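Engineer:
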Amino acid sequence: MSTALTGPSSSKASRVIGLLALASTAILLLVGLVLSPPEVDQADSVRLMYIHVPSAIASLYLAFGVTFIGSVIYLRTQSTFWDLMAHAGAEIGVMFCAFVLLTGMLWGRPTWGVYWQWDPRLTSTVISFVLYLGYLAVRKMDLDPAVRSRRAAILGIISFANLIIVRYSVQWWRSLHQGNTVGRDTQMDGLILFSFFWGILTFTLIFTWLLIHRFRLAWYEHQAGATSLDDAIAARRAERTPPLAGEAL
Amino acid sequence: MHWQYVIPGYVIVFGGLAGYIWTLLARIRAVAEQVPEEKRAFLD
Amino acid sequence: MAVLAVVVFQGLRNARVFFLNVDEAIAQKTDLGERTFRMQGIVVSEEGNASDGAFLFTVAFNDATANIQHIGPEPSDLFDLGEPVVVEGRWNGDVFQSDQILVKHDESYVEDNPNRVDYELDPS
Numbered sequence: 001m002s003t004a005l006t007g008p009s010s011s012k013a014s015r016v017i018g019l020l021a022l023a024s025t026a027i028l029l030l031v032g033l034v035l036s037p038p039e040v041d042q043a044d045s046v047r048l049m050y051i052h053v054p055s056a057i058a059s060l061y062l063a064f065g066v067t068f069i070g071s072v073i074y075l076r077t078q079s080t081f082w083d084l085m086a087h088a089g090a091e092i093g094v095m096f097c098a099f100v101l102l103t104g105m106l107w108g109r110p111t112w113g114v115y116w117q118w119d120p121r122l123t124s125t126v127i128s129f130v131l132y133l134g135y136l137a138v139r140k141m142d143l144d145p146a147v148r149s150r151r152a153a154i155l156g157i158i159s160f161a162n163l164i165i166v167r168y169s170v171q172w173w174r175s176l177h178q179g180n181t182v183g184r185d186t187q188m189d190g191l192i193l194f195s196f197f198w199g200i201l202t203f204t205l206i207f208t209w210l211l212i213h214r215f216r217l218a219w220y221e222h223q224a225g226a227t228s229l230d231d232a233i234a235a236r237r238a239e240r241t242p243p244l245a246g247e248a249l
Numbered sequence: 250m251h252w253q254y255v256i257p258g259y260v261i262v263f264g265g266l267a268g269y270i271w272t273l274l275a276r277i278r279a280v281a282e283q284v285p286e287e288k289r290a291f292l293d
Numbered sequence: 294m295a296v297l298a299v300v301v302f303q304g305l306r307n308a309r310v311f312f313l314n315v316d317e318a319i320a321q322k323t324d325l326g327e328r329t330f331r332m333q334g335i336v337v338s339e340e341g342n343a344s345d346g347a348f349l350f351t352v353a354f355n356d357a358t359a360n361i362q363h364i365g366p367e368p369s370d371l372f373d374l375g376e377p378v379v380v381e382g383r384w385n386g387d388v389f390q391s392d393q394i395l396v397k398h399d400e401s402y403v404e405d406n407p408n409r410v411d412y413e414l415d416p417s
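Chains as they are written, first to last, in the numbering used here: chain A, 1 to 249; chain B, 250 to 293; chain C, 294 to 417.
1) Using a Cβ cut-off of 8 angstroms, pull out every chain B residue sitting near W107 (chain A), in sequence order please.
2) Sort A:C97, A:G108 and A:M49 by Cα distance to L62 (chain A) and report the nearest one.
3) Decide if A218 (chain A) is buried, meaning its Cβ has at least 16 other Cβ atoms within 10 Å, or exposed.
4) Return the chain-ordered ranges of every alpha helix (DSSP H) run that is complete within the region 58–128 of chain A and spans a minimum of 4 residues.
5) Spell out a yes or no on whether the region 361–368 of chain C and the region 390–406 of chain C are touching, meaning 3 or more CB-CB pairs, one atom from each, closer than 8 angstroms.
6) Between I165 (chain A) and T67 (chain A), what straight-line distance do the alpha-carbon atoms span, to the nearest angstrom?
7) Residues of chain C with CB under 7 angstroms from M85 (chain A), in chain order?
8) Taking C-beta pairs closer than 7 angstroms, name the residues in chain C that L176 (chain A) reaches, listed in chain order.
9) Please state if the CB of S36 (chain A) and the CB of M250 (chain B) are separated by a distance shorter than 9 angstroms.
10) With T358 (chain C) as the anchor, note down where its beta strand (DSSP E) starts and where it stops.
11) Please confirm whether I51 (chain A) has its beta-carbon closer than 9 angstroms to some beta-carbon of chain B.
12) For my contact list, V31 (chain A) and F197 (chain A) are in at a C-beta cut-off of 8 angstroms; report their separation, rounded to the angstrom.
13) Given that D316 (chain C) touches chain A, what residues does it touch there, using C-beta distances under 7 angstroms?
14) For a cutoff of 9 angstroms on Cβ pairs, would you count F330 (chain C) as touching chain A?
15) Name the chain B residues whose beta carbon is nearer than 7 angstroms to that of S45 (chain A)?
16) Decide if V34 (chain A) is buried, meaning its Cβ has at least 16 other Cβ atoms within 10 Å, or exposed.
17) Per DSSP, which residues does G382 (chain C) bridge with? Please list them.
18) Drop a sphere of 10 angstroms on the beta-carbon of M332 (chain C), count the other beta-carbons inside from all chains shown, and report buried for 16 or more, exposed for fewer.
19) I need the DSSP call for L371 (chain C), collapsed to helix, strand or coil.
20) Taking C-beta to C-beta, are I27 (chain A) and T208 (chain A) nearer than 9 angstroms?
21) Who are the Cβ neighbours of Y115 (chain A) in its own chain at under 6 angstroms, not counting the five residues just before and after it?
22) Shorter than 9 angstroms from the beta carbon of S391 (chain C) to some beta carbon of chain A?
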């Protein structure tokens, strides 16, 4: 089980990232919840922004970005590494997307007066959440692994198109949701601005750690499956006469 | 003011992360047992 | 898939125009009739509570103003003069009857500096 340098679930690099993420989280909690002042209109609910916006970046940009890149590369090269990466990104992204929706609702109630409105930004974010849940469902389907990976990759690319709608929804349509917070002219005061960026840094570290570990799980599953299923798959493939590539979807 | 919304938000996010990490590590350990040592390495 | 279909449908129906501005809502008054829609404007004055319990205030946008008669849940604490709001309701003559007030917040974040005079905060 344990070799000199690494256990089954950690490596030197991932340990360093893990420790950095923990320390960064401690600082975020201290600055975000204690040291930073309330906002002039939103009062303390502004503190939800320090986890809401970082969750959105971790989910919609980082995690689903990995899924998109992994899907594109997989379709071109059938690379196992990128296939597993795409899967890892989607699972982490769905979790962060749930955080985005929940923290957003908790912020909306004291600010707008309601937890939810079918506003363009909120609606397109829910659509993303459902699309990537669908992606994870495809990943669980009992199919030939190559067909399943191919279908997932296609969904990973289609779902990414919706993310562009999420990004620009506040510009293309009139929305209740405010415009993009972090941009060319960010309007934020000192410690509020610091907490925002510290949150983004922290969640990027957490995301990186999660991606490494979720990928490791996928890799072990793949290797475990390859060991026991090698013969079975070979036998099943041999029975099939039509080529696999053309029939997906 | 509004702490009644802030606290649940932080509990959901950091509680959710802790729960996910806990399960993830357990999943990794469980499946690692089925993988021979020499087949665990990747990228190196 | 059914969930997704509902979400997309809801979204498209509402996202086409999430709200009209006051000037547009006045211009389209005959078309709108008694239909329920959302209207955005800046709160310019508060007339307080009427005898029937309705909360009366006025919103303005692009030089057009509308009197609002709100019967429904109280708006959030952020409701204030000069703040943009989205009211949901319908025209009743020249008065807009609102069921819901949403306070729109923009992407500016200003520290609540203790040295700054702020009449809104209760010192206790």
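Even glycine gets a Cβ: it sits at the ideal position worked out from N, Cα and C. All of these numbers come straight from a predicted model, not from anything done at the bench.
Structural biologist: So, from the listed chains and residues:
1) The answer, in chain order, is Y254 and G258.
2) Minimum Cα distance to L62 (chain A) is reached at A:C97.
3) Burial call: buried.
4) You should have 64–77 and 80–111.
5) At 8 angstroms Cβ cutoff, the stretches touch.
6) In this structure, the straight-line span from the alpha carbon of I165 (chain A) to that of T67 (chain A) is close to 17 angstroms.
7) Scanning chain C for C-beta atoms nearer than 7 angstroms to the C-beta of M85 (chain A) yields nothing, as the closest lies near 25 angstroms away.
8) Under a criterion of Cβ atoms nearer than 7 angstroms, the residues of chain C adjacent to L176 (chain A) are, in order, F311, V379, L395 and K397.
9) For M250 (chain B) and S36 (chain A), no; Cβs fall outside 9 angstroms.
10) That run of the beta strand (DSSP E) goes A357 to H363.
11) So yes, I51 (chain A) belongs to the interface.
12) Not quite, the Cβ-Cβ distance comes to about 10 angstroms (not below 8 angstroms), so this is no contact.
13) Within 7 angstroms Cβ-Cβ: nothing; D316 (chain C) doesn't reach chain A, min ~14 angstroms.
14) So, not an interface residue.
15) Correct list: H251, Y254 and V255.
16) With fewer than 16 other beta carbons inside 10 angstroms of its own, V34 (chain A) counts as exposed.
17) Bridge partners of G382 (chain C): C:F330 and C:S391.
18) Under this definition M332 (chain C) is a buried residue.
19) Coil, per DSSP.
20) No.
21) Counting only Cβ-Cβ distances below 6 angstroms, and skipping sequence neighbours, we find M105, G108 and R109.
22) Not one beta carbon of chain A lies nearer than 9 angstroms to the beta carbon of S391 (chain C).
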